[in-house]
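In the working numbering, the protein residues as written are 188 to 274. Contents: one structure, followed by commentary.
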């Protein structure tokens with residue numbers, strides 16, 4: 188997650204998968220929560236393949252960011268994905 192004064196960027200983090208790419212995790216922004224100060228609402232946006240953000244219309248703006256997203260503050264644990272909980 189990347190924090191800015193008016194938005195939070197949600198990233199997909201993946202562990203290193205090839206030694207020649209180095210030991211760093213790969214991070215790819217996938218969505219953004221935008222805060223509008225005048226209304227006090229958070230709005231969810233999704234990112235397209237051209238790196239542009241679009242409002243996620245099925246979800247109305249909310250006064251709480253946690254209504255729009257579940258955010259983890261720690262590195263994810265590598266997994267096969269078979270038993271991962273749906274969040």
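Glycine included, each C-beta is placed from N, C-alpha and C at the ideal position. Note that the structure is a prediction, hence the values are computed from the model and not measured.
Practice problem: Would you grab the beta carbon distance between residue 193 and residue 217 for me? Rounded to a whole angstrom, and I think it's under 8 Å. | Solution: Rounded, the Cβ-Cβ distance is 19 Å, inconsistent with contact.
Practice problem: Kindly indicate the opening and closing residues of the beta strand (DSSP E) around residue 216. | Solution: Unbroken beta strand (DSSP E) run through residue 216: 213-223.
Quiz item: Since residue 232 is in the beta strand (DSSP E), which residue starts that stretch and which ends it?
Solution: It spans 228-234 - the beta strand (DSSP E) in which residue 232 sits, taken as one unbroken run.
Quiz prompt | Nearest candidate by alpha-carbon position, reference residue 228, set 199, 215, 204 and 251 | solution = When only C-alpha atoms are compared, the closest one is 251.
Practice problem: Work out the CA separation of residue 244 and residue 223 for me, nearest whole Å. | Solution: If I take the Cα positions, the gap works out to 16 Å.
Quiz item: For residue 231, does the count of other Cβ atoms within 10 angstroms reach 16, so buried, or fall short, so exposed?
Solution: The residue in question, residue 231, is buried, as its Cβ has 16 or more Cβ neighbours within 10 Å.
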